[in-house]
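Everything below concerns the one structure shown next.
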Amino acid sequence: MTATGTARATAMQHRRAFILLGSVQATLIFTLAAIAIPLPHLAREFDLQRADLILLSAAYGLTFAGLLLFGGRYGGRRALTAGLALFAVASAAVPLAPHTAALLAARFAQGAGAALVAPAAMAVLRGLFPSPTAFGRAMATWGGLSVLGATAGNLLSGVISALLSWRWTFAVPLAVAITALALTRRLLPDTALNRDRPLDLTGALLATVGITLASYGLVVTDAHPWSSAHVLVPLLGGITLLAAFWCAEHRVHDPLLPPRFLLDRRRALALTVTALSACGTAMTFVVLSLHLQQARDWSQLQTSAAFVPFAVALIASGRATGPLIGRYGAGAVTTAGLGTGATGLALLAWTGLDAHTWYAYGLLPGLVLLSAGAAASFAGAAVLATAEVPQRQTGLAGGVLNTAMEFGPTALFAGLLTLGSDASSLAVAGAALAVAALLTHRTK
Numbered sequence: 006m007t008a009t010g011t012a013r014a015t016a017m018q019h020r021r022a023f024i025l026l027g028s029v030q031a032t033l034i035f036t037l038a039a040i041a042i043p044l045p046h047l048a049r050e051f052d053l054q055r056a057d058l059i060l061l062s063a064a065y066g067l068t069f070a071g072l073l074l075f076g077g078r079y080g081g082r083r084a085l086t087a088g089l090a091l092f093a094v095a096s097a098a099v100p101l102a103p104h105t106a107a108l109l110a111a112r113f114a115q116g117a118g119a120a121l122v123a124p125a126a127m128a129v130l131r132g133l134f135p136s137p138t139a140f141g142r143a144m145a146t147w148g149g150l151s152v153l154g155a156t157a158g159n160l161l162s163g164v165i166s167a168l169l170s171w172r173w174t175f176a177v178p179l180a181v182a183i184t185a186l187a188l189t190r191r192l193l194p195d196t197a198l199n200r201d202r203p204l205d206l207t208g209a210l211l212a213t214v215g216i217t218l219a220s221y222g223l224v225v226t227d228a229h230p231w232s233s234a235h236v237l238v239p240l241l242g243g244i245t246l247l248a249a250f251w252c253a254e255h256r257v258h259d260p261l262l263p264p265r266f267l268l269d270r271r272r273a274l275a276l277t278v279t280a281l282s283a284c285g286t287a288m289t290f291v292v293l294s295l296h297l298q299q300a301r302d303w304s305q306l307q308t309s310a311a312f313v314p315f316a317v318a319l320i321a322s323g324r325a326t327g328p329l330i331g332r333y334g335a336g337a338v339t340t341a342g343l344g345t346g347a348t349g350l351a352l353l354a355w356t357g358l359d360a361h362t363w364y365a366y367g368l369l370p371g372l373v374l375l376s377a378g379a380a381a382s383f384a385g386a387a388v389l390a391t392a393e394v395p396q397r398q399t400g401l402a403g404g405v406l407n408t409a410m411e412f413g414p415t416a417l418f419a420g421l422l423t424l425g426s427d428a429s430s431l432a433v434a435g436a437a438l439a440v441a442a443l444l445t446h447r448t449k
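In my numbering, each residue carries its 1-based index in the sequence shown increased by 5.
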């Protein structure tokens, strides 16, 4: 084979590998959003109250976010395979759950599998694209996959639930996991990063339990007042453990999360942007899904159809984001995306939750602006968060980035819902995006 032919074959191999890894990443976020539209049906089937529904929505994200730093320690194909196997088993268990406890346990297990998969996939991705320029282009696309997965989760879950049952929704992550397991060895290189590094067991335990407890404390604020022991004990306990984790990492020779890693101003801001953007989009999906079905008496199929323009704007914005980042830089694109998303949330808070307002006037403009802004801000933040990261820390970067992505829909989202009304929650989320846009603009 000629040199040109070999180069083409390698490029094709990398393209197929990227498609596989991207499909897995999108599916992880699809799984997070898969129960948003069926929530009213779940409430009736399992006799759940609003607080129970919020905990059920957050269960997957709690273990996902809590274990991501641990998962980011060891990247490569072996960790990816182990995570996919656990994710597949848990995805098969979710639709078989006979009661709430079993459903929660299966969702927790799904999150644990996803926590292994997400950073391992990014580590393999870095092995495919070792050049900083090529990796930056790949990350510009990678950042938009998460919001695409969330949108697909909302659309397909409504359609599948209406035609079959909400349980069949989880055939999607199960099928993707099984397919990925079958293709991993053939398409992906064995980039066994950090296999020989010792485990920072103290750091892993402190980070995992701390993040999980703090997130849980925020999640239960919808059911209990902020001053109650149900909130303060896990919240303060989680914060204490995270503070102990930060101190411990300064004293370990090979820390799980080197403190300097988060001290980079651009990276810290990118992670904040990711958490806030994920919170805003997740809150919109859940709030509007409940509003349309409960206040407007829409069916699950109609509710899914309401998000179709969101998906169209998302795809269009995602296709334009990569070239825009290459031309204007990740910081400028992130700033523009945050501003656009903030405007969309403001419009939804102002007109979208009035049951008597037309969809085309009250919901559509806000949905389109939020979608276009989210695609741009996710893509730009992903590039900023992984810029100049050494290859051995790629799994860590993936773990931290996905932790921020899961912390937003899990903990920040639950905390904002305690503000008094859904409109107030959306307005505050929009204001947070506007502040982040200003800070990003000043950091460029």
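No residue lacks a Cβ here, since even glycine has one placed at the ideal position from N, Cα and C.
Values in this document were obtained by computation on a predicted structure and should not be read as measured data.
Ala318 is positioned such that its CB atom lies no closer than 9 Å to that of Gly435. For Gln307, the uninterrupted alpha helix (DSSP H) run begins and ends at 305 to 311, by DSSP. Of the residues assessed, Val313 falls on the exposed side of the cut-off, its CB having fewer than 16 other CB atoms within 10 angstroms. A Cβ-Cβ contact shorter than 9 Å links Arg172 with Val99. In this structure, Ile34 sits near Val152, with a CB-CB distance shorter than 9 Å. Around the Cβ of Asp259, a 10 Å sphere holds fewer than 16 other Cβ atoms; the residue is exposed.
With a cut-off of 8 Å on Cβ pairs, the stretch 135 to 150 is in contact with the stretch 383 to 396, counting three or more such pairs. In chain order, Pro314, Ala318 place their CB closer than 6 Å to the CB of Val373, counting only its own chain and leaving out the 5 sequence neighbours on each side. Within the same chain, Pro239, Gly242, Gly243 come within 6 Å of Leu218 by CB-CB distance, once the 5 residues on both sides are set aside.
Within the stretch 32 to 92, not a single complete beta strand (DSSP E) segment reaches 3 residues in length. A residue is called buried once 16 or more other Cβ atoms fall within 10 Å of its Cβ, and Ser233, having fewer, is exposed.
By a beta-carbon distance limit of 8 Å, Thr32 does not contact Pro263. Their separation comes to about 30 Å. DSSP places Asp269 outside both helix and strand once states are collapsed to three, so it counts as coil. Taking C-alpha positions only, Thr339 is separated from His104 by approximately 42 Å.
Our two residues, Asp427 and Thr356, have alpha carbons roughly 12 Å apart in a direct line. Between Ser282 and Ala379, the C-beta spacing is below 9 Å.
In this structure, DSSP gives Trp251 a helical state, which the three-state scheme calls helix.
Note that the C-beta distance between Leu168 and Leu306 is below 9 Å. In the structure shown, Leu431 falls within a helical segment according to DSSP collapsed to helix, strand and coil.
Under the Cβ criterion (8 Å, minimum of three pairs), the stretch 114 to 124 counts as touching the stretch 82 to 94. Glu393 sits in coil when the DSSP states are folded into three classes, being neither helix nor strand.
Rounded to whole angstroms, the separation of the alpha carbons of Gly141 and Leu60 is 36 Å. Val129 and Gly334 have their C-alpha atoms roughly 25 Å apart. Taking C-alpha positions only, Thr445 is separated from Val405 by approximately 19 Å. For Tyr65, the closest C-alpha among the options Gln30, Arg271, Ile42, Ala114 is that of Ala114.
If you look at Ala209, you'll find it in the alpha helix (DSSP H) that goes 206 to 224. The residue among Gln54, Ala387, Leu133 with its C-alpha nearest the C-alpha of Phe23 is Leu133. The C-beta of Pro43 has 16 or more other C-beta atoms within 10 Å across all chains shown, which makes the residue buried.
Restricting attention to alpha helix (DSSP H) runs no shorter than 4 residues, the stretch 125 to 189 encloses them at 137 to 168, ordered along the chain. Note that the C-beta distance between Leu37 and Ala287 is below 9 Å. Secondary structure at Gly334: coil, using DSSP grouped into helix, strand and coil. Judged by DSSP secondary structure, Gly413 falls outside any alpha helix (DSSP H); it is assigned neither H nor E.
Around Phe250, the same chain offers Gly208, Leu211, Ala212, Gly215 as residues with beta carbons nearer than 7 Å, after the five sequence neighbours per side are excluded. For Ala384, the closest C-alpha among the options Ala439, Arg332, Ala143 is that of Ala143. The shortest CA-to-CA distance from Ala325 to any of Ser309, Ala310, Gly342, Gly285 is the one to Gly342.
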